[in-house]
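Participant: Per the working numbering, residue 1390 is the first one in the sequence shown, and the count goes up by one each step.
Each residue gets a CB set at the ideal place from its N, CA and C atoms; glycine is no exception.
Remember, predicted model here, so these are calculated numbers, not experimental data.
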Amino acid sequence: MSDSDNWKIPASTDQCARCSAGLAVDDEVTVLLSFSEEGPNREDLCATCGNNVDASGSDVFWRHKLPESAVASPVVDYALLREMFQRMLPRSEPIYQRLSYLVGLVLVRKRFLRLRGFERREGEEVMVVARGAGEPSFDVPAPHLSAEVLVETREHLKRLLAADLPSEDFEGVTALDAEEGSESGDPVTSAGSESQTLDES
Ligand SMILES: [Zn+2]
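Now the structure itself:
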């Protein structure tokens, strides 16, 4: 195993990743995601360090005022998750393949992607998905994830999002759930179900 360990530092939105200055609610924070060979990494930076960010081609960065929720109860940013998926999917390094697969499963679960099935291509398992009905299919690598690797990959994702994906997002991650052991999963709520019955008049 030669994967970089720097992502194992817990996600922090209350301290600048470079100078350790405290970050408070309403401070301007620069979030930088970089995608090196060692795997994706996230840094939350104070205004000063953020101004020195020189993002290379594949990096993503944005500035925002640190919201209350980032400190109190982190919210999963699914737009960010989809953006990350786009950047990670073309990469061939195992760490990107594992993350792409896990994120792909979550996006299927959240109905951002449609699952068309699993197939083997040149001995490798792939998950075939599409962005919607009538859209072209594409492959997402589907490497076998041991329970241990699954937990590690999920932790990595948690750090990138600076938020923990709710356990229900992983429901239907067939077989993987069974191996994962029972982390205290939140009860499934019906929040987010689309049952709009409003008429325009
Ligand atoms: Zn700083």
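Can you tell which of Asn-1441, Gly-1521, Leu-1494 has the C-alpha that lies nearest to the C-alpha of Pro-1557?
Facilitator: It should be pointed out that residue 1557 corresponds to Glu in this sequence rather than to Pro. The option with the nearest alpha carbon to Glu-1557 is Leu-1494.
Participant: Output needed for Thr-1563: all residues of its chain with C-beta closer than 7 Å, excluding positions within five of it in sequence on either side, in chain order.
Facilitator: Caution applies to Thr-1563, whose pLDDT of 49 falls short of 50 and renders its modelled position unreliable; the value that the coordinates give is listed next. Same-chain partners within the cutoff: there are none.
Participant: When burial is assigned at 16 or more other CB atoms within 10 Å of the CB, is Asp-1415 buried or exposed?
Facilitator: Per the 10 Å Cβ criterion, exposed.
Participant: In angstroms with no decimal places, state the Cα-to-Cα distance between His-1545 and Asp-1466.
Facilitator: When rounded, the distance between both Cα atoms is 15 Å.
Participant: Sorry if obvious, but does the Cβ on Thr-1419 come closer than 7 Å to a heavy atom of ligand 1?
Facilitator: The answer is no for Thr-1419.
Participant: Classify Gly-1428 as helix, strand or coil using the three-state DSSP reduction.
Facilitator: Strand, per DSSP.
Participant: From Glu-1432 to Arg-1487, what does the alpha carbon distance come to, in whole angstroms?
Facilitator: Going by the C-alpha atoms only, they are around 21 Å apart.
Participant: When DSSP labels each residue in this structure, what does Glu-1524 get in the three-state scheme?
Facilitator: In this structure, Glu-1524 counts as coil in the three-state DSSP scheme.
Participant: May I ask you to check if the CB of Thr-1437 is nearer than 7 Å to at least one heavy atom of ligand 1?
Facilitator: Yes, the Cβ of Thr-1437 comes within 7 Å of a heavy atom of ligand 1.
Participant: Between the alpha carbons of Ala-1410 and Arg-1505, how many angstroms are there, rounded?
Facilitator: In a straight line, the C-alpha of Ala-1410 is about 47 Å away from that of Arg-1505.
Participant: Compare the Cα-Cα distances from Gln-1404 to each of Cys-1438, Val-1497, Val-1529 and report the closest residue.
Facilitator: Ranking Cys-1438, Val-1497, Val-1529 by Cα distance to Gln-1404 puts Cys-1438 first.
Participant: Strictly under 8 Å for the Cβ-Cβ distance: is Val-1418 near chain C by that measure?
Facilitator: Of the protein chains in this structure there is only one, and it is not chain C.
Participant: Can you check which of these residues, Leu-1470, Pro-1456, Arg-1476, is closest to Asp-1448 by C-alpha distance?
Facilitator: For the residues Leu-1470, Pro-1456, Arg-1476, the minimum Cα distance to Asp-1448 belongs to Arg-1476.
Participant: Please list the terminal residues of the continuous beta strand (DSSP E) segment that includes Pro-1508.
Facilitator: In the sequence as displayed, the identity of residue 1508 is Glu instead of Pro. From DSSP, the beta strand (DSSP E) with Glu-1508 extends over 1503 to 1510.
Participant: From the DSSP secondary-structure annotation, give me the bridge partner or partners of Val-1449.
Facilitator: In DSSP, Val-1449 forms a bridge with Leu-1422.
Participant: For Ala-1444, name the three-state secondary structure that DSSP assigns.
Facilitator: Looking at Ala-1444 - three-state DSSP - the assignment turns out to be coil, as it is neither helix nor strand.
Participant: Look at the alpha carbon of Arg-1594 and the alpha carbon of Pro-1555, and state the distance between them as a whole number of angstroms.
Facilitator: This structure cannot settle anything about residue 1594, because the visible part of the chain is limited to 1390 through 1590.
Participant: Under the three-state reduction of DSSP, which class applies to Glu-1557: helix, strand or coil?
Facilitator: Glu-1557: helix per DSSP, three-state reduction.
Participant: To test your reading of the DSSP string, which unbroken beta strand (DSSP E) runs of 3 or more residues are found completely within the segment 1454 to 1519?
Facilitator: With a minimum length of 3 residues, the continuous beta strand (DSSP E) runs that stay inside the segment 1454 to 1519 are 1503 to 1510, 1513 to 1519.
Participant: Go ahead and label Phe-1424 buried or exposed: buried means 16 or more other beta carbons lie within 10 angstroms of its beta carbon, across all protein chains shown.
Facilitator: Flag for Phe-1424 reads buried.
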